[in-house]
Structure formats: structure tokens, C-alpha cells
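Start counting the sequence shown at -4; every next residue gets the next number (the working numbering).
Note that the Cβ used here is the ideal one computed from N, Cα and C, for glycine as well.
On a predicted model such as this, the values are computed, not experimentally measured, just so you know.
Since the structure comes first, as C-alpha cells, the remarks are kept for the end.
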Amino acid sequence: MRTLFTALAVAGLFVQAGASSLRIVNSTGGWDLMTVYVSPFGATGWGEDRLGDSTLTEGESMTIELPTGIYSIRLIDEDGDTYTRRNTPVMGAVEWAVTLDDLDGSAPCYTGG
């Protein structure tokens, strides 16, 4: 029975290992999002800015295709305020409608690679 359970658990991991998407919607009430970082579980830095030279204005959204997994997400608005979600499961289609309630008082973020 234990072998069957282990086999089913491993099979489930393979099914979940496909592509997923993270949709971020700016619902901050007028603050532009200037930076979007998405970092896989266990990473030591935030990686590249997923917005590049673009901004995400109120009501706009962006979708990032990712391998299914656990991610930390950090957004920075035009004032330098941060919105962070850590250890976020991304399986299938996930949406984060970012509001001012998501604002955090975290220390300045690491922006290196």
C-alpha cells in the first residue's frame, strides 16, 4: 500500500511539473508598478525585472509563463513601496490582483541578479 501511495505521489508531481501562468493585475488605486520580480523557491536573489522598461498602470495586467512550482514575488511601485508574496504556489493559472492592502513595510529589496 505504501508503494502505491508513493507511486501516486510521484505521478502527481510529474503532472504538476508542466507550464503554469501568473497573472498580475494592478489594482493599487492609481500607483504605477515599476518593477516585477519572480524568483523560484530557494533562490538567493530576485533575478531580472520582468517588466523591463515597461510599467504596469492601474487596471493593466501582465501574464508570466512559469514552470509549475513555488515562487516569491516582489513588486515595486513608483514611490519605491514594495508588495511581496513569499512561497506562493503557482500551479495552473494563478492571479494576484495587487491592492494597497498588499503593501508591505519590508526592508529595501535586493535588486541584483
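Q | Identity of the residues DSSP links to arginine 69 by a beta bridge | A | Tyr32, Thr79
Q | Cβ neighbours of arginine 45 in the same chain (closer than 8 Å, five flanking residues each side left out) | A | Closer than 8 Å at the Cβ level, and outside the excluded window around arginine 45, lie Val31, Tyr32, Val33, Met57, Ile59.
Q) Which of the three DSSP states, helix, strand or coil, is assigned to leucine 95? A) Reduced to three states, the DSSP call for leucine 95 is helix.
Q: Would you tell me roughly how many angstroms separate the C-alpha atoms of threonine 23 and valine 93, rounded to the nearest one?
A: 6 Å
Q. Which same chain residues, not among the five before or five after valine 85, have their C-beta less than 7 Å away from its C-beta?
A. Ser15, Leu17, Leu61, Thr63, Gly64, Tyr66
Q: Round the Cβ separation of leucine 28 and aspartate 96 to the nearest angstrom and send it over; I've been treating them as touching at under 8 Å.
A: Not quite, the Cβ-Cβ distance comes to about 15 Å (not below 8 Å), so this is no contact.
Q: Rounded to whole angstroms, what's the CA-CA distance from glutamate 55 to threonine 83? Just pull it up for me.
A: 21 Å
**Q.** Burial state of arginine 69 (16 or more Cβ within 10 Å)
**A.** buried
Q: Figure out for me which residue from Val89, Gly100, Gly87, Ala88 has the closest Cα to the Cα of threonine 79.
A: Gly100
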